[in-house]
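The next block holds one structure in the form of structure tokens; read it before the comments.
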Amino acid sequence: MDLTIRPEAPEDRRAVEELAREAFWNHHVPGCDEHYLLHHIRSSADLIPQLNLVAVLDGRIVGHILYTRSWVVDKAGSRHGTLTFGPLSVHPDHQRRGIGKALIAHTRDLARGMGHRAIIIYGHPGNYCGSGFKSCAHYGITDAQGLYPSSLLVLELYPGALDGIAGVFAESIDFQVDPGGLEAFDRGFPPKEKAVTPGQEEFFINSHSFVQPDVQR
Ligand SMILES: CC(C)(COP(=O)(O)OP(=O)(O)OC[C@H]1O[C@@H](n2cnc3c(N)ncnc32)[C@H](O)[C@@H]1OP(=O)(O)O)[C@@H](O)C(=O)NCCC(=O)NCCS
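Read left to right, the sequence shown gives residues 1 to 217 (the numbering used here).
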């Protein structure tokens, strides 16, 4: 597979939003909002432009990843910088061929070279443990309620990167987009039918599950 990974150019934006819509449509809920989120997050001060990349196959954009700044806030209130990717999209015609993994590996190496310490995401463990992500419970990193979501996953970018760092994971506030604008935004795309799918229940279960604290650390 002759896959090229390169920075997203301004003229790619519409194709990338269409790609995200195709990848996420009916995936987590009927319809999706990831293309809308992507549209807004591009203008966030927390966006890392060097880590906003597309994967191109036979001249067509088939994958996309972008990163924003995130933090682990410790008990004293100090904010320790981390990175978060998402939405991560691979076109349904090309999923499960290693493109998502290639985008993660490529950006992981770039992020390491830029001096970042860790990547922390919410995601399905089955998609990410093979890329080295581990449960937040191993690191004492929790959600705002002090719990360890099964979907909160951590990748240290060098050994010991998170030694001495524990606390509450915080994403960029720019992810809090106005849901009221989604419908009008979506009307700018070709009509697509919303449906209830079994995968949405699987997503609900996974995203509402928690693991026990890891007592070894
Ligand atoms: C999730 C997604 C980004 C993964 O990209 P991909 O190119 O399809 O995945 P890859 O082929 O690189 O596989 C990555 C890992 O995920 C697993 N995986 C991918 N799709 C899967 C599926 N539908 N069910 C179970 N496992 C899956 C692979 O087995 C692989 O595991 P391994 O590393 O242990 O071998 C892509 O499928 C996608 O865009 N899905 C729809 C949107 C989405 O869910 N985005 C992520 C939100 S958390």
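Ideal Cβ positions, reconstructed from N, Cα and C, are used throughout, including at glycine.
Pull up the DSSP beta-bridge partners for E218, would you. Any answer about residue 218 is impossible in this case: the structure gives the chain only from 1 up to 217.
With three or more C-beta pairs closer than 8 Å as the rule, is the segment 17 to 37 touching the segment 68 to 80? They do not touch, by the three-pair rule.
Touch test, the segment 5 to 25 against the segment 56 to 72, Cβ-Cβ under 8 Å, three pairs minimum: yes
What's the gap between the Cα of A105 and the Cα of S131? Stepping through the sequence shown from its first residue, residue 105 is reached at position 105. Stepping through the sequence shown from its first residue, residue 131 is reached at position 131. Answer to the nearest angstrom: the Cα atoms are 7 Å apart.
N- and C-terminal bounds of the beta strand (DSSP E) containing H64: As a first step, residue 64 must be located in the sequence shown, where it is residue number 64. DSSP places H64 in the uninterrupted beta strand (DSSP E) bounded by R60 to I65.
Minimum C-alpha distance to L110 - residue among Q50, A137, S43 and R96: Position 110 of the sequence shown, counted from the start, is the residue given in the question as residue 110. Selected option, being the one with the closest Cα: Q50.
With which residues is P10 paired in a DSSP beta bridge? Here the question's residue 10 lines up with position 10 in the sequence shown. Bridge partners of P10: none, in fact.
Pull up the distance between the alpha-carbon of L47 and that of E193, whole angstroms please. Here residue 47 refers to the residue found at position 47 when the sequence shown is read from its first residue. Here residue 193 refers to the residue found at position 193 when the sequence shown is read from its first residue. Rounded to the nearest whole angstrom, the CA to CA distance from L47 to E193 is 31 Å.
Between the CA atoms of I141 and T148 - distance to the nearest angstrom: In the sequence shown, the residue the question calls residue 148 occupies position 148. In the sequence shown, the residue the question calls residue 141 occupies position 141. A small correction: the amino acid at residue 148 is Tyr; Thr does not occupy that position in the sequence shown. Taking the straight line from one Cα to the other gives about 7 Å.
From the DSSP output, which residues share a beta bridge with R187? For the purposes of this step, residue 187 is taken as the residue at position 187 of the sequence shown. None, per the DSSP bridge assignment.
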